[in-house]
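Visitor:
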Amino acid sequence: MAICLRYAHQEDEARQVMNDGFVKIFTHLHQFRPEKQHQHLVVSFKSWVKKIMIYTAIDYYRANRKHQHEEVDHAVMHKAAAQATPLDKLSHEELMKMVQTLSPAYRMVFNLFVIDGYSHEEIARQLGISVGTSKSNLAKAREKLRKMLLSRYAELYSRYER
8 MAICLRYAHQ EDEARQVMND GFVKIFTHLH QFRPEKQHQH LVVSFKSWVK KIMIYTAIDY
68 YRANRKHQHE EVDHAVMHKA AAQATPLDKL SHEELMKMVQ TLSPAYRMVF NLFVIDGYSH
128 EEIARQLGIS VGTSKSNLAK AREKLRKMLL SRYAELYSRY ER
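159 is the number that the working numbering gives to position 152 of the sequence shown; each next residue is one higher, with no gaps.
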């Protein structure tokens with residue numbers, strides 16, 4: 008589910024991607040061939056499942072990108088103990104929520120490049136965009152995240168100023 012959540016804007020989209028991915032996995036299970044370079048079947052199967060989930064998320068994005076708006080919802084939940092420092096208050100969950108607020112195009116490229124380690128050439132091929140567009144979307148995604156983080160830190164630090 009974690010992979011699906013990284014690519015989806017909302018939890019129900021992630022569930023849909025995950026369900027579609029599992030349908031593909033069970034439908035094509037007979038096609039699974041362990042890679043010879045892996046000593047353990049589990050490692051190979053895990054990477055096969057991960058790849059299917061990523062490709063399913065990409066397919067979902069392609070099918071729905073014409074219906075999605077570029078507007079983003081900047082609502083980020085703020086939960087932390089009163090004694091926590093600003094850095095402590097910024098959890099992994101909040102960072103992932105920030106990534107999810109990116110437009111679908113920016114979020115897809117960011118996840119594929121930063122989290123899943125794909126090259127711009129691979130991303131361009133998978134999404135049907137140019138390498139330049141992939142690089143541009145990544146730069147814009149990073150800039151938007153940087154601004155969100157700066158805004159978040161400014162908000163957190165202002166609470167500690169006297």
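Virtual Cβ for every residue (Gly too), placed ideally from N, Cα, C.
Is it buried or exposed for R132, if we count other Cβ within 10 angstroms and need 16 for buried?
Guide: exposed
Visitor: Going by the C-beta, is P111 closer than 7 Å to any heavy atom of the ligand SAM?
Guide: This structure does not include the ligand SAM; it has no bound ligands of any sort.
Visitor: What do you reckon, are the CB atoms on F39 and F52 nearer than 8 Å?
Guide: yes
Visitor: Is the beta carbon of E128 closer than 8 Å to that of V138?
Guide: yes
Visitor: Helix or strand or just coil, what does DSSP make of F117?
Guide: helix
Visitor: Among the candidates H37, K142, A21, S54, whose CA atom is the shortest distance from the CA of Y68?
Guide: A21
Visitor: Measuring CA to CA, which of E18, K57, M105 is closest to L157?
Guide: M105
Visitor: Can you grab the Cα-Cα spacing for the pair T34 / I59, in whole Å?
Guide: 12 Å
Visitor: Mind pulling the alpha helix (DSSP H) runs of 4 or more residues that sit fully within the stretch 118–146?
Guide: 127–134
Visitor: By alpha-carbon positions, which one of P111, S126, P41, E101 ends up nearest to D66?
Guide: P111
Visitor: Do I136 and F120 have their beta-carbon atoms positioned less than 8 Å apart in this structure?
Guide: no
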